[in-house]
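Presented below is the structure to which this report refers.
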Ligand SMILES: [Zn+2]
Ligand SMILES: [Zn+2]
């Protein structure tokens with residue numbers, strides 16, 4: 013038995029070596045050669061600010077001090093978002109934006125399984141409670157130009173990790189919204205309000221389900237709020253949000 017085991021191990025190692033010769037694993041952020049697939053190199057690792065408690069119980073905003081697991085940030089205390097909880101794997105800033113840009117625009121779709129693992133760790137309770145996983149949809153025209161929806165890749169990776177169904181066409185994007193780059197918070201909310209709807213063919217599947225909504229970056233929360241509202245209108249019981257990264261505004 014032991015011999016068979018070690019033979020198998022040897023064969024697997026040889027197979028991995030053969031693959032490595034063809035495709036050496038590359039750092040997810042800078043592209044330098046690394047030892048294992050789905051890793052960051054020693055230079056890039058400290059530049060990525062991974063997120064975790066203490067944080068706002070609703071939107072996941074990191075707190076400097078631990079105020080207890082039910083503490084809310086000022087914005088969520090004033091008005092609860094349409095979603096129940098939002099969590100993100102890391103902070104979107106100068107240290108991490110290359111990770112997102114490569115994933116979005118440079119065809120580094122091979123990053124998705126590693127990103128899925130980071131997200132599953134950051135949002136473990138959300139993933140455990142979810143009945144369904146669904147990505148924020150891209151408009152078909154943008155999907156056509158970009159060839160893949162990065163949020164759908166993350167949703168599928170989380171589905172594979174958790175064994176929960178990832179339904180990539182649960183939501184429809186009814187109209188093409190302008191890119192939100194230079195918009196303020198209020199303009200972003202106006203820009204996406206009413207842009208999403210539940211696909212009528214998925215309505216039955218959605219009834220009374222708790223949905224984990226997945227996107228790549230949470231900026232003001234306008235997009236995921238609009239999606240959460242559409243899901244709740246469509247019959248979902250509750251919506252949580254899990255993103256790869258989030259913007260953390262400092263000083264108010
Ligand atoms: Zn690197
Ligand atoms: Zn909050």
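In my numbering, the protein residues as written are 13 to 264.
Glycine included, C-beta positions come from ideal geometry on N, C-alpha and C.
Return the first residue and the last residue of the alpha helix (DSSP H) that residue 208 is part of.
-> Residue numbering aside, residue 208 sits at position 196 when the chain shown is read from its first letter. Looking at the DSSP string, residue 208 is not in any alpha helix (DSSP H); the run it does join, the beta strand (DSSP E), is 208 to 210.
What is the rounded straight-line gap between the Cα of residue 166 and the Cα of residue 183?
-> Walking along the chain shown from the start, residue 166 turns up at place 154. Walking along the chain shown from the start, residue 183 turns up at place 171. Annotation: residue 166 to residue 183 spans about 15 Å, alpha carbon to alpha carbon.
- Would the beta-carbon of residue 203 be found less than 8 Å away from any heavy atom of ligand 1? Within the chain shown, the letter at position 191 stands for residue 203. No; taking the cut-off as 8 Å, the Cβ of residue 203 has no heavy atom of ligand 1 nearer than that.
**Asked** Going by the beta-carbon positions, is the gap between residue 214 and residue 252 smaller than 9 Å?
**Response** To locate residue 214, count along the chain shown from 1; it is residue 202. To locate residue 252, count along the chain shown from 1; it is residue 240. Pairing residue 214 with residue 252 gives a Cβ-Cβ distance that is not under 9 Å.
- request: For the stretch 168 to 175 and the stretch 131 to 147, state whether three or more C-beta atom pairs, one from each stretch, are separated by less than 8 Å.
  value: In the pairwise beta carbon analysis, the stretch 168 to 175 is classified as touching the stretch 131 to 147: at least three pairs are separated by under 8 Å.
- Message: Between residue 236 and residue 225, how many whole angstroms is the CB-CB distance? I'm expecting something under 8 Å.
- Response: Here residue 236 corresponds to residue number 224 of the chain shown, with the count starting at 1. Here residue 225 corresponds to residue number 213 of the chain shown, with the count starting at 1. Right, their Cβ atoms sit about 6 Å apart.
>> What residue range does the beta strand (DSSP E) around residue 286 cover?
In response: Only positions 13 to 264 of the chain appear in this structure, which leaves residue 286 out of reach.
Are the beta-carbon atoms belonging to residue 234 and residue 204 less than 9 Å from one another? Counted from its first residue, the chain shown places residue 234 at position 222. Counted from its first residue, the chain shown places residue 204 at position 192. Less than 9 Å divides the Cβ of residue 234 from the Cβ of residue 204.
- prompt: In chain order, what residues place their C-beta within less than 6 Å of a heavy atom belonging to ligand 1?
  reply: Cβ-based neighbours of ligand 1 within the cut-off: 39, 41, 42, 44, 52, 53, 55, 56.
For residue 228, which option in 199, 98, 156 has the closest C-alpha, if you only look at C-alpha atoms?
Position 216 of the chain shown holds residue 228. Restricting attention to 199, 98, 156, the CA atom closest to the CA of residue 228 is found in 98.
For my contact list, residue 100 and residue 72 are in at a C-beta cut-off of 8 Å; report their separation, rounded to the angstrom. Your numbering for residue 100 matches position 88 in the chain shown. Your numbering for residue 72 matches position 60 in the chain shown. Contact flag correct, Cβ pair sits at about 6 Å.
Are there any heavy atoms of ligand 2 lying less than 8 Å away from the beta-carbon of residue 207, as far as the coordinates show? For the purposes of this step, residue 207 is taken as the residue at position 195 of the chain shown. Result no, Cβ not under 8 Å from ligand 2.
**Study point:** Secondary structure, beta strand (DSSP E): runs of 3+ residues fully inside the stretch 70 to 152
**Key:** Here the runs fully enclosed are 97 to 103, 144 to 147.
Exercise for review: Let me know the secondary structure DSSP gives residue 16 once reduced to three states.
Suggested key: Here residue 16 refers to the residue found at position 4 of the chain shown. Because the pLDDT at residue 16 is just 48, under 50, the model does not fix this residue reliably, and the point stays unresolved.
ask   = Quick one: what's got a C-beta closer than 8 Å to residue 48's C-beta in the same chain, skipping five residues either side?
value = Numbered from its first residue, the chain shown carries residue 48 at position 36. Correct list, in chain order: 37.
Buried or exposed: which applies to residue 219, given that a residue is buried once 16 or more other Cβ atoms fall within 10 Å of its Cβ? Reading the chain shown from its first residue, position 207 is the one you call residue 219. By the neighbour-count rule (16 or more Cβ atoms within 10 Å), residue 219 is not buried but exposed.
Report all residues from its chain with a CB closer than 6 Å to the CB of residue 66; omit the five preceding and five following residues, and keep chain order.
For the purposes of this step, residue 66 is taken as residue 54 along the chain shown, with counting starting at 1. Contacts found: 75, 78.
For residue 60 and residue 108, believed in contact at Cβ under 8 Å, the rounded distance: The sequence position of residue 108 within the chain shown is 96, counting from 1. The sequence position of residue 60 within the chain shown is 48, counting from 1. With 8 Å as the limit, residue 108 and residue 60 qualify as a contact, their Cβ atoms being about 5 Å apart.
Worksheet entry | Nearest-angstrom beta carbon gap, residue 141 and residue 222 [assumed within contact, 8 Å] | Looking up residue 222 in the chain shown gives position 210. Looking up residue 141 in the chain shown gives position 129. That belief holds up - the Cβ atoms of residue 222 and residue 141 are roughly 6 Å apart, short of 8 Å.
Quiz item: Whose C-alpha, out of 163, 50, 258, is nearest the C-alpha of residue 178?
Solution: By 1-based counting over the chain shown, the position of residue 178 is 166. Closest by C-alpha distance to residue 178, out of 163, 50, 258, is 163.
Is residue 239 near ligand 2, going by C-beta to nearest heavy atom under 8 Å? For the purposes of this step, residue 239 is taken as residue 227 along the chain shown, with counting starting at 1. No; taking the cut-off as 8 Å, the Cβ of residue 239 has no heavy atom of ligand 2 nearer than that.
Output yes or no for whether 9 Å exceeds the beta carbon distance between residue 52 and residue 39. For the purposes of this step, residue 52 is taken as residue 40 along the chain shown, with counting starting at 1. For the purposes of this step, residue 39 is taken as residue 27 along the chain shown, with counting starting at 1. Cβ atoms of residue 52 and residue 39: closer than 9 Å.
Backbone secondary structure at residue 261 - three-state DSSP:
On the chain shown, position 249 is the one that residue 261 refers to. DSSP, reduced to helix, strand and coil, places residue 261 outside both helices and strands of the structure shown, so it counts as coil.
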